[in-house]
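Student:
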Amino acid sequence: MSALEVKGLRKSFGPVDVLHGIDIEITDGEFVALVGPSGCGKSTLLRTIAGLETVTGGAILIGGRKVNDVAPKNRDIAMVFQSYALYPHMTVAENMSFSLRLKRLPKAEIDGRLRRAAEILGLTELLQRLPKQLSGGQRQRVAMGRAIVRDPVVFLFDEPLSNLDAKLRVQMRAEIKELHQRLRTTTVYVTHDQVEAMTLADRIVVMHSGHIEQLGTPLELYDRPQTIFVAGFIGSPSMNLMDGTLRRAGGGSELMLPSGPVIGLPHLSVDADGVEVTFGIRPEHLSVSREGVPATVNIVEPTGAETLVNCRIGEQSVSVVVRDRQPINSGDTINLKFEGATVHLFDRTTGQRIG
Amino acid sequence: MTRAYNPWVMLRWALLALLIAFVVCPFIWMVSISFKPEQEVFSKTLSILPRNPTLANYQMIFDFVPYPRFFMNSMIVAIVSTVCSLVASTLAGYSFSRFRYKGRSSLAFLVLSTQMFPLVTGIIPLYLVFSKLGLINTYWALFVAYVAFTIPFCTWMLKGFFDTIPREIEEAAVIDGCSRLEVLVRIVLPLSIPALVATSVFCFILSWNEFLYATVLTTSNDVRTLPAALGIMIGQGYTQWGGLNAAGVLTTLPVIIVFVFFQRYLVDGLTAGATKG
Ligand SMILES: Nc1ncnc2c1ncn2[C@@H]1O[C@H](COP(=O)(O)OP(=O)(O)O)[C@@H](O)[C@H]1O
Ligand SMILES: [Mg+2]
Chain H
1 MSALEVKGLR KSFGPVDVLH GIDIEITDGE FVALVGPSGC GKSTLLRTIA
51 GLETVTGGAI LIGGRKVNDV APKNRDIAMV FQSYALYPHM TVAENMSFSL
101 RLKRLPKAEI DGRLRRAAEI LGLTELLQRL PKQLSGGQRQ RVAMGRAIVR
151 DPVVFLFDEP LSNLDAKLRV QMRAEIKELH QRLRTTTVYV THDQVEAMTL
201 ADRIVVMHSG HIEQLGTPLE LYDRPQTIFV AGFIGSPSMN LMDGTLRRAG
251 GGSELMLPSG PVIGLPHLSV DADGVEVTFG IRPEHLSVSR EGVPATVNIV
301 EPTGAETLVN CRIGEQSVSV VVRDRQPINS GDTINLKFEG ATVHLFDRTT
351 GQRIG
Chain D
1001 MTRAYNPWVM LRWALLALLI AFVVCPFIWM VSISFKPEQE VFSKTLSILP
1051 RNPTLANYQM IFDFVPYPRF FMNSMIVAIV STVCSLVAST LAGYSFSRFR
1101 YKGRSSLAFL VLSTQMFPLV TGIIPLYLVF SKLGLINTYW ALFVAYVAFT
1151 IPFCTWMLKG FFDTIPREIE EAAVIDGCSR LEVLVRIVLP LSIPALVATS
1201 VFCFILSWNE FLYATVLTTS NDVRTLPAAL GIMIGQGYTQ WGGLNAAGVL
1251 TTLPVIIVFV FFQRYLVDGL TAGATKG
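Going down the list, the protein sequences come from chains H and D. Counting from 1, one number per residue, gives the positions in the first sequence under the working numbering. Counting from 1001, one number per residue, gives the positions in the second sequence under the working numbering.
1) Along chain D, in chain order, which residues have C-beta atoms closer than 8 Å to that of F81 (chain H)?
2) For a contact meaning CB atoms closer than 7 Å, what does Y189 (chain H) contact in chain D?
3) Comparing the CB of G41 (chain H) with every heavy atom of ligand 1, is any distance shorter than 7 Å?
4) Here's a check: name, in chain order, each residue in its chain whose Cβ is nearer than 6 Å to the Cβ of H286 (chain H), leaving out the five neighbours to either side.
5) Quick one: which residues of the stretch 1173–1186 of chain D get their C-beta closer than 8 Å to a C-beta of chain H? List them in chain order.
6) Evaluate contact between the stretch 114–127 of chain H and the stretch 1191–1209 of chain D, counting only Cβ atoms and requiring at least three cross-stretch pairs below 8 Å.
7) Relative to ligand 2, is the shortest distance from any of its heavy atoms to the C-beta of E159 (chain H) smaller than 7 Å?
8) Quick one, are the C-beta atoms of V1216 (chain D) and Y1127 (chain D) less than 8 Å apart?
9) Please report how far the alpha carbon of N1162 (chain D) lies from the alpha carbon of S1085 (chain D), in whole angstroms.
10) Check whether the stretch 198–214 of chain H and the stretch 6–25 of chain H are in contact - that is, three or more C-beta pairs closer than 8 Å.
11) Check whether chain D comes within 8 Å of Y222 (chain H), counting only Cβ atoms and requiring the distance to be less than that.
12) Just tell me which of D:I1028, D:F1143, D:L1181, D:V1174 has its CA closest to the CA of V70 (chain H).
13) Would you identify the three-state DSSP class for D332 (chain H), choosing helix, strand or coil?
14) Which one or two residues does DSSP pair with P302 (chain H) in a beta bridge?
15) Going by DSSP in three states, I120 (chain H) sits in which element: helix, strand or coil?
16) Answer yes or no: do M79 (chain H) and D158 (chain H) have a C-beta to C-beta separation smaller than 8 Å?
17) Among D:I1257, D:Q1240, D:L1049, whose alpha-carbon lies nearest the alpha-carbon of A1056 (chain D)?
18) Spatial neighbours of V1258 (chain D) within its chain, please: CB distance less than 8 Å, with the 5 preceding and 5 following residues excluded, ordered by chain position.
19) Using a Cβ-Cβ distance cut-off of 8 Å, determine whether L1196 (chain D) contacts chain H.
20) Would you list, in sequence order, the uninterrupted alpha helix (DSSP H) runs of no fewer than 4 residues that lie entirely inside the stretch 1182–1216 of chain D?
21) Distance check for I49 (chain H) and D17 (chain H), CA to CA, integer angstroms please.
22) Quick check: what's the CA-CA separation for F1153 (chain D) versus L1112 (chain D)?
23) Suppose you measure from the CA of K132 (chain H) to the CA of P1118 (chain D); what does that come to, to the nearest Å?
24) Listing by chain order, which chain D residues have their CB less than 7 Å from the CB of R249 (chain H)?
25) For K89 (chain H), which beta-bridge partners are listed by DSSP?
26) By the criterion of Cβ-Cβ separation under 7 Å, what are the contact partners of L1018 (chain D) in chain H?
27) Since N163 (chain H) sits in a beta bridge, which residues does DSSP pair it with?
28) Please name the residue, chosen from H:F31, H:P15, H:L9, that lies closest to A3 (chain H) on a Cα-to-Cα basis.
29) Please confirm whether L1191 (chain D) has its beta-carbon closer than 8 Å to some beta-carbon of chain H.
30) On a Cα-Cα basis, can you pick out the residue from D:F1261, D:V1188, D:F1070 that is closest to G1248 (chain D)?
31) Could you name the residues of chain D that A78 (chain H) contacts, counting a contact when the two beta carbons are closer than 8 Å?
32) Tell me whether H267 (chain H) is buried or exposed, calling it buried when 16 or more other Cβ atoms sit within 10 Å of its Cβ.
33) Which residues does DSSP list as the beta-bridge partners of M207 (chain H)?
34) Could you pull the start and end residues of the beta strand (DSSP E) that T27 (chain H) belongs to?
35) Locate the alpha helix (DSSP H) running through V1080 (chain D), then write down its first and last residues.
36) For I72 (chain H), decide whether its Cβ has a neighbour in chain D, counting only Cβ atoms nearer than 8 Å.
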């Protein structure tokens, strides 16, 4: 059964169309991440699911029930906000039990649920504190606690980690993943950080200006991006994308860059000759070798385990990840090996994948 | 320290001292007179400390003037006006802050623009309306007048404070199961206590001190408030200065008490909108 289904969802603010027909089906227990650049409509989508925004067109089904006109509190969802949105005048315990008290559940039941959630999140010692007496990570946990006690059908997270510093963000990311593995509650998780989406989600929805660009598992998106946008968005460092003309050459083909250089691709056979394409190759799939396409090194960024080398082929900027420690310096000329690597071809006008 | 001799610092202190003297001297003089026997009030040599201090003036305002009645009237008028104004302003300010509807900003501006007219301009129309309604010389006349004066300021002040409360907190409460009114009562108001206190103090002091309307709209001691009653004690030919100043001291006292007691909130509340963005 699908826990959450969004069908042809449209949303406008006055004359401005923000969502143009979104279709997503999420099965029970799944963790789905919504990623996309800032302003693409992720929060709007999440807020319509929560019922904080009305729907302009289409339908939202939670647990098989159409909820377009159902009040947020009756949708069986819980939401975690970016700013935590804790009630500043209530203690941690009061914050977490607020929804249960509004529902007038018996006191014993409230206490039981509160204790369980506090244990799961390691908040037991902090129950009598006020939000202002907590650190950022603790506040984030209280916000999650407030969602957990309700035992909803769907958790909605809106960029819950973006207010934390880098180290804490990685730690909380692991905690969220662990929490999901433990509770198995269906989760929709909004983030603009593709690494967060890749590491957390069972499936990822890539959004771009109110459309879904692609929906798939993290590795599907990485291995076979369907559009130029997804190709550039998923993966870190991001994929090299270069515009050029693809021609047949012997048994394979070659890519002519506008600035002159030609990249030979003997293993890539193409049907058409002379097509304008956007050619994509990931930095980690390129390698430095004795022969290959000459490139001038621009910037060298070592990170320890690997080194990111940014260089130029003609006027085209290309990044390559080098794993072994080679003596490469800015200004050197190196040879890049394209042969045998996974490459991606996109139609330059439609942006769609062609091979 | 050379800083103490900095001429700018000295000038600042001098100006402050002057300002304080300007504000405080009349009070000191009032307190002083209230303890002086009548012949000393009119004596040619001025003295701040009474030579023969007496409580006769205080005795007088309880024996010959229904001071407790006036005090009660003032209390009733100030408290009822404050409560009514606060309830209305809270709802109006919340609506201006949070809801989107046609004419919202022009309505909000209209409310504010009423503050541009001096109080005096309202007195004759209001008198005519109240006399047609038979409300002259009733508490109702003063309630209505004071609530009408204080609502615009209070509404804007509270709107400014509500604007600083993050929307997400309210949205979290809506998802947790609150209705709009519950959000206001359980979340917004507890967070607005400093602003509510500051606004109440403003209303209370304005209603307590108001003289013009109190004088015009009341005609008997049954409803007359302290400022109006004090005004009447200044007679055509003869004025009981001692008694008048004793009454003045007793009238100022509650204001000072309220102010000192809530001072912290007052300063917080007036600046909260500006700093907690
Ligand atoms: N209440 C609103 N009124 C008008 N426009 C809005 C409103 N909320 C969001 N938008 C617009 O909708 C678009 C998507 O916003 P949002 O969903 O917040 O993006 P994201 O969360 O992906 O960064 C933005 O262009 C934003 O300006
Ligand atoms: Mg957002």
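Backbone N, C-alpha and C fix where the C-beta goes; we use that ideal spot for every residue, glycine too. None of the values given here were measured: they were computed from a predicted structure.
Tutor: With the structure as the only source:
1) E1168, E1171, A1172
2) Near Y189 (chain H) there are no residues of chain D at all, since even the closest Cβ is about 16 Å away, more than 7 Å.
3) yes
4) The sequence as given places Leu at residue 286 (chain H); His does not occur at that position. V320, L336.
5) A1173, V1174, I1175, D1176, G1177, C1178, E1182
6) no
7) yes
8) yes
9) Before going further, note that residue 1162 (chain D) is Phe rather than Asn in the sequence given. C-alpha separation (whole angstroms): 17 Å.
10) yes
11) no
12) D:V1174
13) coil
14) H:T307
15) helix
16) yes
17) D:Q1240
18) V1201, F1204, I1205
19) no
20) 1193–1209
21) 17 Å
22) 7 Å
23) 44 Å
24) A small fix is needed here, since residue 249 (chain H) is Ala in this sequence, not Arg. Result: empty, since nearest Cβ-Cβ is about 58 Å, beyond 7 Å.
25) First, the residue type needs correcting, since residue 89 (chain H) is His and not Lys in the sequence shown. Answer by DSSP bridge pairing: none, since H89 (chain H) is not bridged.
26) Residues of chain H passing the Cβ test: none, with the nearest at roughly 42 Å.
27) Answer is none; N163 (chain H) lacks a bridge partner.
28) H:F31
29) yes
30) D:F1070
31) I1175
32) exposed
33) H:I212
34) 16–27
35) 1067–1098
36) According to the sequence provided, residue 72 (chain H) is Pro. The question's Ile does not apply to it. Yes, contact with chain D.
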